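Peer 1: Have a look at the structure that comes next, please.
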Amino acid sequence: MRRIAFFIPNLHGGGAERVAVNLLKGMLEKDIPLDLVLASAEGPYLNQVPEQVRVVNLAAGRVLNAMLPLSNYLRQNKPSALLSQLGHANVVAALAKKLAGTKTRLVLVEHNTLSVSQSKLLRARFVPAFMKLLYPSAEAIVAVSQAVARDLESELGFEKGKVNTIYNPVVDQELITKAKTPLDHPWFKKGAPPVFLAVGRLTKQKDFSTLITAFALLRKQLLARLLILGEGESRTELEAMTKTLEIAEDVSMPGFVENPYAYMSRASAFVLSSRWEGLPTVLIEAMACGCPVIATDCPSGPREILEAGKYGHLVSVGDPVALSVAMSQVLESPVNCDLLVQRAMYFSTERAVSEYMTLLEYR
174 MRRIAFFIPN
184 LHGGGAERVA
194 VNLLKGMLEK
204 DIPLDLVLAS
214 AEGPYLNQVP
224 EQVRVVNLAA
234 GRVLNAMLPL
244 SNYLRQNKPS
254 ALLSQLGHAN
264 VVAALAKKLA
274 GTKTRLVLVE
284 HNTLSVSQSK
294 LLRARFVPAF
304 MKLLYPSAEA
314 IVAVSQAVAR
324 DLESELGFEK
334 GKVNTIYNPV
344 VDQELITKAK
354 TPLDHPWFKK
364 GAPPVFLAVG
374 RLTKQKDFST
384 LITAFALLRK
394 QLLARLLILG
404 EGESRTELEA
414 MTKTLEIAED
424 VSMPGFVENP
434 YAYMSRASAF
444 VLSSRWEGLP
454 TVLIEAMACG
464 CPVIATDCPS
474 GPREILEAGK
484 YGHLVSVGDP
494 VALSVAMSQV
504 LESPVNCDLL
514 VQRAMYFSTE
524 RAVSEYMTLL
534 EYR
C-alpha cells in the first residue's frame, strides 16, 4: 500500500506540530501507512503520535543538517507523497527530493504570514529567497488560510491561485472529550473570579506583554485572573512585568500543559494577543470548547476564523487599552456558546484530511 510521509523539524509545542499530529490521526482512520520523519525526535507532542505511525528520527539536530538524511530516507523508502510543514523545513524537503531523484509527490505547507513574520535567527534572512527558488518545484503548495495564501503569492511572486488553502485540522472527538476532563484548579472553583486564558509560546510573536498590560488595566476595575499556558524565551521578561504592574498574584504561567482544553472549557474568555499568525489553532480550539474569544486583528487568520467579528471581539494589534475594553465587554455580554462550537466545527480534522487526500492524489 502507498505510504505517505510527514516531515517537520520536531514536536515541540506549537500550532504546526499539533496540526501534524491531528492530520496523522485523521489519516490513520483511512488505513494509510504513515511515516513521521523528524529532524530531531523530541518535544512534548511525541507521546501523542499514534503507535501505528512509524517515527523516523533523522537525529540531525538542526533542520539544515537533515537534508542528506531526508534524501536518503526518500531514496530508500520511496513514499508516494511527502507532506512538509514550516518554511525552513520546506526548503530542506524540496532540496532533499531533488537530491533523491524520486517521484515522491511533494506538498509544502506554510503556516505563517511571510510578509510580517519575524525571527531573530540568521536563517530567516535567506529562507524567502530559497522559497522563491524551490517552492515551484513542489507538486502543491498549501497555506493554512486565504490571507496566508495571497500573502505568500505576493511575497514570492507567484500567480494568484498558485497556493491552495486548506484550513488546519483542529476539531475532533478527542478534543471534545478532553475538554470535559475534570480539572482540579483553585481558580476554577465555583464563585471564583473570572479567568482569562491565553495559550501559546512565550515569544515576541504572541505579544503577551500587551495582554499583561491590558489585564493590569482591567484589574484596576474588577477582580479577575489571567492564566497563560506555554513556555518560551520571554518568560523572565513577562514575569518581571507582572511584578512591576503589581498583578503577580493574579497572573499564572504554569508552562506547557498536556490538556489545555480542560482550561478552555472553563475559562471566562480566551484571549489571542498575537502580532502575526497563519491560522491560530488555539483560537479555534477555544471556540470548540464553547469559550468566548477575543483576538487581535493580526495578519492572518483571526478575521477569517471570526468572520470579521461575528463570532468574537477583534481588536487592533499592540493596543492594551482596546484589549482591556474587549475583556471587560466579554464579561458583561452573554455569548451564544453553541454558535461558537458550530463555527469551530468548520475546522474539523475530517474536512482537512479529505482535502489533503485530494491534493496528495491518494485515492
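So the sequence shown is numbered by our numbering: it starts at 174 and just counts up by one.
Quick reminder that beta carbons are idealized off the backbone N, C-alpha and C, glycines included.
Keep in mind the model is a prediction, meaning the values are calculated, not measured.
(1) Which term fits R235, buried or exposed, when burial requires 16 or more other beta carbons within 10 angstroms of its beta carbon?
(2) Determine the direct distance from the alpha carbon of Q394 to that of L487, and round the result to whole angstroms.
(3) If I measure Cβ to Cβ from Q319 and keep anything under 7 Å in the same chain, skipping five residues before and after, which residues do I get?
(4) Taking Cβ to Cβ, would you say V466 is nearer than 8 Å to F443?
(5) For the pair the segment 436-450 and the segment 361-371, tell me if three or more CB-CB distances fall below 8 Å.
(6) Between the alpha carbons of A214 and M460, how many angstroms are there, rounded?
(7) Using a Cβ-Cβ cutoff of less than 7 Å, which residues in the same chain neighbour E528 once the five nearest sequence positions on both sides are dropped?
(8) On the three-state DSSP scale, how would you describe H185?
(9) Less than 7 Å between C-beta atoms, sequence neighbours within five positions excluded: which residues of the same chain meet that for L348?
(10) Which same chain residues end up closer than 8 Å to P359 when comparing Cβ atoms and leaving out the 5 residues on each side of it in sequence?
(11) Measuring CB to CB, does K351 end up less than 8 Å from N230?
(12) Roughly how many angstroms lie between the CA atoms of V265 and G188, to the nearest whole one?
(13) Return the chain-ordered list of same chain residues with a C-beta closer than 7 Å to the C-beta of F520, the five sequence neighbours on each side being excluded.
(14) Please report the Cβ distance between L268 and M304, rounded to the nearest whole angstrom; I am assuming they are in contact, meaning their Cβ atoms lie under 8 Å.
(15) Kindly list the residues whose CB is nearer than 6 Å to the CB of Y535, restricted to its own chain and excluding five residues on each side of it in sequence; keep chain order.
(16) Among N245, L307, A193 and L411, whose alpha-carbon lies nearest the alpha-carbon of L256?
(17) Count the CB pairs spanning the segment 393-409 and the segment 322-329 that are closer than 8 Å, and state whether there are at least three.
(18) Note down the Cα distance separating H284 from T454, rounded to an integer number of angstroms.
(19) To test your reading of the DSSP string, which unbroken alpha helix (DSSP H) runs of 4 or more residues are found completely within the segment 269-354?
(20) If you check the beta carbons only, do S447 and T469 fall under 8 Å apart?
(21) Indicate whether D380 and G260 have their beta-carbon atoms separated by less than 8 Å.
(22) Please classify V494 as buried or exposed, where buried requires at least 16 other C-beta atoms within 10 Å of its C-beta.
(23) Less than 8 Å between the C-beta atoms of V226 and L197, yes or no?
(24) Enumerate in chain order the residues of its own chain whose CB-to-CB distance from L452 is below 6 Å, with the five nearest sequence positions on each side excluded.
(25) Could you give the first and the last residue of the continuous beta strand (DSSP E) run that contains T376?
(26) For the candidate residues L281, V280 and P301, whose alpha-carbon lies nearest to that of S290?
(27) S506: which of R392, Y484 and Q515 sits nearest, CA to CA?
(28) Determine the contact status of L201 and L184, defining contact as a CB-CB distance below 8 Å.
(29) When you compare each of L279, Y308 and K271 to K335 by their alpha carbons, which one comes out closest?
(30) Just curious, the alpha helix (DSSP H) that S244 is in, first and last residue?
(31) Using C-beta distances below 6 Å, list every residue in its chain close to A178, excluding the 5 sequence neighbours before and after it, in chain order.
(32) List the endpoints of the continuous beta strand (DSSP E) containing R408.
Peer 2: Taking the coordinates as given:
(1) The C-beta of R235 has fewer than 16 other C-beta atoms within 10 Å across all chains shown, which makes the residue exposed.
(2) In this structure, the alpha-carbon of L487 lies about 21 Å from that of Q394.
(3) Excluding positions up to five away in sequence, the list reads T338 and E477.
(4) Against a cut-off of 8 Å, the Cβ pair of F443 and V466 comes out as a contact.
(5) The segment 436-450 vs the segment 361-371: in contact.
(6) If you take the alpha carbons of A214 and M460, they lie about 31 Å apart.
(7) The residues are I339.
(8) Looking at H185 - three-state DSSP - the assignment turns out to be coil, as it is neither helix nor strand.
(9) Within the same chain, Cβ atoms closer than 7 Å to the Cβ of L348 are found at Y434, E458 and A461, the five residues on either side in sequence being excluded.
(10) Once the five neighbours on either side are set aside, the close Cβ partners of P359 are A365.
(11) No, the Cβ-Cβ distance between K351 and N230 is not below 8 Å.
(12) Rounded to whole angstroms, V265 to G188 spans 20 Å at the Cα level.
(13) Around F520, the same chain offers Y340, N341, V343, V344 and I457 as residues with beta carbons nearer than 7 Å, after the five sequence neighbours per side are excluded.
(14) In fact, because the Cβ distance is near 12 Å, the residues do not count as touching under 8 Å.
(15) Nothing meets the Cβ criterion.
(16) Of N245, L307, A193 and L411, the residue nearest in Cα terms is A193.
(17) The segment 393-409 vs the segment 322-329: no contact.
(18) Near 10 Å, if we compare the C-alpha coordinates of T454 and H284.
(19) Here the runs fully enclosed are 296-307, 319-329 and 346-352.
(20) Contact flag set, yes.
(21) Against a cut-off of 8 Å, the Cβ pair of G260 and D380 comes out as no contact.
(22) With a 10 Å radius around the Cβ and a threshold of 16 neighbouring Cβ atoms, V494 comes out exposed.
(23) Yes, the pair counts as a contact, with Cβ atoms nearer than the cut-off.
(24) Cβ within range, chain order: V317, S318, N341 and G474.
(25) That residue, T376, is in no beta strand (DSSP E); it is neither H nor E in DSSP.
(26) When only C-alpha atoms are compared, the closest one is P301.
(27) For S506, the nearest C-alpha among the options comes from Y484.
(28) With respect to L184, L201 sits apart: the two C-beta atoms are not nearer than 8 Å.
(29) Of the listed residues, the one whose Cα sits closest to K335 is Y308.
(30) According to the DSSP assignment, S244 belongs to the alpha helix (DSSP H) that extends over M240 to N250.
(31) Result list for A178: D208, V210, P252 and L255, in chain order.
(32) Segment R408 to T417 is the alpha helix (DSSP H) holding R408; no beta strand (DSSP E) there.
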